[in-house]
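Numbering (this note's numbering), first residue to last: 373 to 741.
Glycine included, each C-beta is placed from N, C-alpha and C at the ideal position.
One structure is given here, and the rest of the page talks about it.
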């Protein structure tokens, strides 16, 4: 007897350019495919280095829209044509467009809206009308979502407060960060001469070169560390602040000991072999790179920003927490970490951030639709 193939689970994102949220999408897709499920990855623009990491059985749907807002009509047509079992969207703008497209398509596909950041911080740091329009749009349209998922308790609390959404309507599912692929990559050599035997210790930062990541404070902190001891600073990532950060490194006389290496596939290897990983963000949702660094076994230092680091580091038990934007406190924490031997984390500390735990939780939500 013929049976029609099961409708796919669809995940909607602007692209798969290098970034924490995009890496999470790929990890989730890999986990779903590993359970034998059919998956569509629907992209406003099918571009980015993470495309190569998708399993071969995944169908990539390129809406050829460029911008997320321009993908509204193509996404509605996709939903009407394919009728996926569920549509999982990520990030504020993308979530709103997904909900609009679902309404426009008039199909029963439920939308799971995933929140990766703290809404109060992103809107506070947005210029002009964006500072008030997104809390309004979130409050108005998120009620149409089948489920609202936040990636941390802090992000959930912030969303409830900022958008005035009842907290009990927001589910927390930690990101699928720790995978077998991450473990394998962390065992590789970084392939950079600063990691050679007898070289000064490497202080590592990872993230997009944007104001949110606040690498300016990290560079100032490193300058203080460098005055006291030999060390090197590597920052992995690309973004609009590259020229400003390059100028700051030159102004502080750190050119010989600092490198902005851009986007690298071997981030886990750089982490595993760094003397200390430093997370300097001004705000976050659930910082993927901080979890990855812990999983590779390196020592970590983090700002106590909203939200995520305090949850991940168990209030400072697994790594130092310092105030946001305080270069002196960050420098002291880096030096203390450099003087501290590496220790083995309790196995249960990272279990909530494994791909197995996240996929289990998402499937419970999907299967309840």
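If you draw a straight line from the alpha carbon of residue i to that of residue j, how long is it in whole angstroms?
{"i": "residue 628", "j": "residue 458", "result": "51 Å"}
{"i": "residue 460", "j": "residue 588", "result": "34 Å"}
{"i": "residue 477", "j": "residue 537", "result": "25 Å"}
{"i": "residue 418", "j": "residue 435", "result": "8 Å"}
{"i": "residue 411", "j": "residue 401", "result": "7 Å"}
{"i": "residue 505", "j": "residue 383", "result": "25 Å"}
{"i": "residue 669", "j": "residue 484", "result": "33 Å"}
{"i": "residue 467", "j": "residue 529", "result": "18 Å"}
{"i": "residue 726", "j": "residue 551", "result": "6 Å"}
{"i": "residue 465", "j": "residue 441", "result": "8 Å"}
{"i": "residue 694", "j": "residue 405", "result": "39 Å"}
{"i": "residue 683", "j": "residue 699", "result": "22 Å"}
{"i": "residue 373", "j": "residue 553", "result": "Any reading at residue 373 needs caution, since the residue's pLDDT is 39, under 50, leaving its predicted position unreliable; the model's value is listed next. Their backbone Cα atoms lie some 39 Å apart in a straight line."}
{"i": "residue 687", "j": "residue 735", "result": "29 Å"}
{"i": "residue 439", "j": "residue 448", "result": "15 Å"}
{"i": "residue 394", "j": "residue 472", "result": "22 Å"}
{"i": "residue 720", "j": "residue 667", "result": "12 Å"}
{"i": "residue 544", "j": "residue 454", "result": "28 Å"}
{"i": "residue 690", "j": "residue 661", "result": "15 Å"}
{"i": "residue 397", "j": "residue 430", "result": "12 Å"}
{"i": "residue 723", "j": "residue 524", "result": "15 Å"}
{"i": "residue 714", "j": "residue 558", "result": "16 Å"}
{"i": "residue 728", "j": "residue 403", "result": "7 Å"}
{"i": "residue 527", "j": "residue 665", "result": "21 Å"}
{"i": "residue 717", "j": "residue 685", "result": "11 Å"}
{"i": "residue 732", "j": "residue 426", "result": "19 Å"}
{"i": "residue 501", "j": "residue 511", "result": "In this prediction, residue 501 has a pLDDT of 47, which is less than 50 and means its spatial position is unreliable; nothing more can be read from the coordinates."}
{"i": "residue 622", "j": "residue 443", "result": "42 Å"}
Does the beta-carbon of residue i have 16 or more other beta-carbons within 10 angstroms, so that it is buried, or is it exposed?
{"i": "residue 740", "result": "exposed"}
{"i": "residue 513", "result": "buried"}
{"i": "residue 598", "result": "buried"}
{"i": "residue 616", "result": "exposed"}
{"i": "residue 428", "result": "exposed"}
{"i": "residue 413", "result": "buried"}
{"i": "residue 642", "result": "buried"}
{"i": "residue 534", "result": "buried"}
{"i": "residue 375", "result": "At residue 375 the pLDDT is 41, less than 50, meaning the model places this residue with poor confidence; the figure from the coordinates comes in the next sentence. Exposed: under 16 other Cβ atoms inside 10 Å."}
{"i": "residue 565", "result": "exposed"}
{"i": "residue 433", "result": "buried"}
{"i": "residue 569", "result": "exposed"}
{"i": "residue 508", "result": "exposed"}
{"i": "residue 571", "result": "exposed"}
{"i": "residue 671", "result": "buried"}
{"i": "residue 592", "result": "buried"}
{"i": "residue 408", "result": "exposed"}
{"i": "residue 692", "result": "buried"}
{"i": "residue 634", "result": "exposed"}
Which one or two residues does DSSP pair with residue i in a beta bridge?
{"i": "residue 434", "result": "415"}
{"i": "residue 597", "result": "Paired residue(s): none; residue 597 is not in a bridge."}
{"i": "residue 655", "result": "678"}
{"i": "residue 649", "result": "576, 672"}
{"i": "residue 642", "result": "Looking at the DSSP assignment, residue 642 forms no beta bridge with any residue, so it has no partner."}
{"i": "residue 605", "result": "575, 630"}
{"i": "residue 693", "result": "674"}
{"i": "residue 522", "result": "487, 544"}
{"i": "residue 726", "result": "550"}
{"i": "residue 747", "result": "Outside the shown range of the chain, which is 373 to 741, sits residue 747, and nothing can be said about it."}
Taking 7 Å as the line, does the beta carbon of residue i fall inside it for any heavy atom of the ligand NAP?
{"i": "residue 392", "result": "Among the components of this structure there are no ligands whatsoever, and the ligand NAP is therefore not found."}
Thinking just about the alpha-carbon of each residue, which of the options is nearest to the one in residue i?
{"i": "residue 546", "options": "696, 489, 389", "result": "489"}
{"i": "residue 379", "options": "665, 567, 480", "result": "480"}
{"i": "residue 596", "options": "394, 511, 701", "result": "701"}
{"i": "residue 415", "options": "723, 386, 397, 593", "result": "386"}
{"i": "residue 560", "options": "511, 409, 637", "result": "637"}
{"i": "residue 696", "options": "663, 737, 652, 730", "result": "652"}
{"i": "residue 737", "options": "542, 632, 579, 584", "result": "542"}
{"i": "residue 424", "options": "634, 389, 403, 437", "result": "389"}
{"i": "residue 372", "options": "583, 475, 462", "result": "Any answer about residue 372 is impossible in this case: the structure gives the chain only from 373 up to 741."}
{"i": "residue 391", "options": "692, 673, 408, 549", "result": "549"}
{"i": "residue 586", "options": "567, 620, 600", "result": "620"}
{"i": "residue 556", "options": "640, 462, 594", "result": "640"}
{"i": "residue 357", "options": "580, 532, 399", "result": "Since the first residue shown for the chain is 373 and the last is 741, residue 357 is missing from the structure and cannot be characterised."}
{"i": "residue 600", "options": "420, 623, 710", "result": "710"}
{"i": "residue 590", "options": "567, 491, 618", "result": "618"}
Would you say residue i faces chain D, with C-beta separation under 8 Å as the test?
{"i": "residue 399", "result": "Among the protein chains of the structure shown there is no chain D, as only one such chain exists."}
| query | Between the region 673 to 686 and the region 507 to 519, are three or more C-beta pairs nearer than 8 Å? | reply | no
| message | Taking 8 Å as the cut-off, does the region 566 to 583 touch the region 599 to 616 (at least 3 CB pairs, one atom from each stretch)? | response | yes
| task | Indicate whether the contact test is met: 3 or more Cβ pairs, each with one atom in the region 644 to 651 and one in the region 702 to 711, closer than 8 Å. | result | Contact holds: three or more Cβ-Cβ distances are below 8 Å.
| request: Flag this pair as touching only if the region 655 to 665 and the region 622 to 638 have three or more C-beta atom pairs under 8 Å; answer yes or no. | output: Contact fails between the region 655 to 665 and the region 622 to 638, because fewer than three Cβ pairs, one in each stretch, are under 8 Å apart.
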